[in-house]
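Count along the sequence shown starting at 1, add 4, and that's the number in this note's numbering. Take a look at the structure below.
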Amino acid sequence: KMIALSCDSVESHIGWTEDIKKYSGGKFSYPIIDDTSRNLAVELGMLDADEKDAAGLPLTARAVFIVGPDKKLKLSILYPATTGRNFDEILRVIDSLQLTAYKKVATPANWISGGECMVLPSVTGDAAKELFPGMRVEELPSGKGYMRFTPQPQ
5 KMIALSCDSV ESHIGWTEDI KKYSGGKFSY PIIDDTSRNL AVELGMLDAD EKDAAGLPLT
65 ARAVFIVGPD KKLKLSILYP ATTGRNFDEI LRVIDSLQLT AYKKVATPAN WISGGECMVL
125 PSVTGDAAKE LFPGMRVEEL PSGKGYMRFT PQPQ
């Protein structure tokens with residue numbers, strides 16, 4: 005579930021959500037927390053000390069927190085106030101977190117959904133062969149066989 009936090013008022017949110025609906029084709033399906041006191045933004049480390057508003061207050065940074073079903077923080081990205089978020093990357097991370105929570109794989113750098121995954125080091129050789137019949141082991145100068153790749157499990 006998604007939720008937003010804003011240091012703007014509820015009245016400001018109403019106008020802002022109308023702008024988003026126009027830009028996104030009429031969709032806006034998550035709540036916005038009014039944090040005009042900035043208490044949550046301060047507590048979560050979301051203020052950009054380098055960027056100030058007209059009143060001289062620090063702007064809120066563009067923060068992304070992903071919390072898992074176990075109520076533990078899985079990802080935290082803090083963008084400067086002047087930099088937009090990369091939603092493709094956020095969705096890629098969510099896909100990876102959902103996959104790796106239940107399968108014995110990790111996703112390598114630049115992984116995209118449907119791409120090759122890496123077999124976790126905790127999976128023994130025999131178990132890996134059984135679980136991942138299409139597994140390939142990358143040959144490395146060290147001779148260690150820890151770079152084990154497999155098609156993405158379903």
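Just so it is clear, CB atoms sit at the ideal spot from N, CA and C, and this is done for glycine as well. Only a predicted model underlies this, so the values are computations on that prediction, with no experimental measurement involved.
Determine, using beta carbons only, whether residue i and residue j come nearer to each other than 8 Å.
i, j, result
"Leu95", "Lys108", "no"
"Pro84", "Ala67", "no"
"Asp39", "Ala45", "yes"
"Gln156", "Cys121", "yes"
"Asp52", "Leu61", "no"
"His17", "Ser10", "yes"
Output the distance between the C-alpha atoms of residue i and residue j, rounded to the nearest integer angstrom.
i, j, result
"Lys25", "Ile7", "16 Å"
"Ile36", "Val141", "47 Å"
"Leu103", "Asn43", "35 Å"
"Gly119", "Ser13", "43 Å"
"Ala110", "Pro137", "17 Å"
"Leu77", "Arg89", "18 Å"
"Leu163", "Val97", "The structure shown has nothing for residue 163, since the chain only spans 5 to 158."
"Ser80", "Gly49", "11 Å"
"Asp74", "Lys5", "14 Å"
"Met139", "Tyr150", "12 Å"
"Ser33", "Glu22", "12 Å"
"Pro126", "Ser41", "Pro is not the amino acid found at residue 126; the sequence shown has Ser there. In a straight line, the C-alpha of Ser126 is about 46 Å away from that of Ser41."
Which residue or residues does DSSP assign as beta-bridge partners of residue i?
i, result
"Cys121", "Thr154"
"Ala110", "Met122"
"Thr86", "DSSP output for Thr86 lists no bridge partner at all."
"Lys56", "Pro62"
"Val68", "Ile81"
"Val209", "Past the boundaries of the shown model lies residue 209; the chain is included only from 5 to 158, so the question cannot be answered."
Run the CB neighbour count on residue i, radius 10 Å, all protein chains shown included, and call it buried at 16 or more, exposed below.
i, result
"Ala132", "buried"
"Ala58", "exposed"
"Ser100", "buried"
"Asp92", "exposed"
"Arg152", "buried"
"Gly105", "According to the sequence provided, residue 105 is Ala. The question's Gly does not apply to it. The residue is exposed, with fewer than 16 neighbouring Cβ atoms inside 10 Å."
"Thr173", "Shown here, the chain extends from 5 to 158; a query on residue 173 therefore has no answer."
- Query: In chain order, which continuous runs of the beta strand (DSSP E) of length 3 or greater are located wholly inside the stretch 6-53?
  - Reply: 8-10, 36-38
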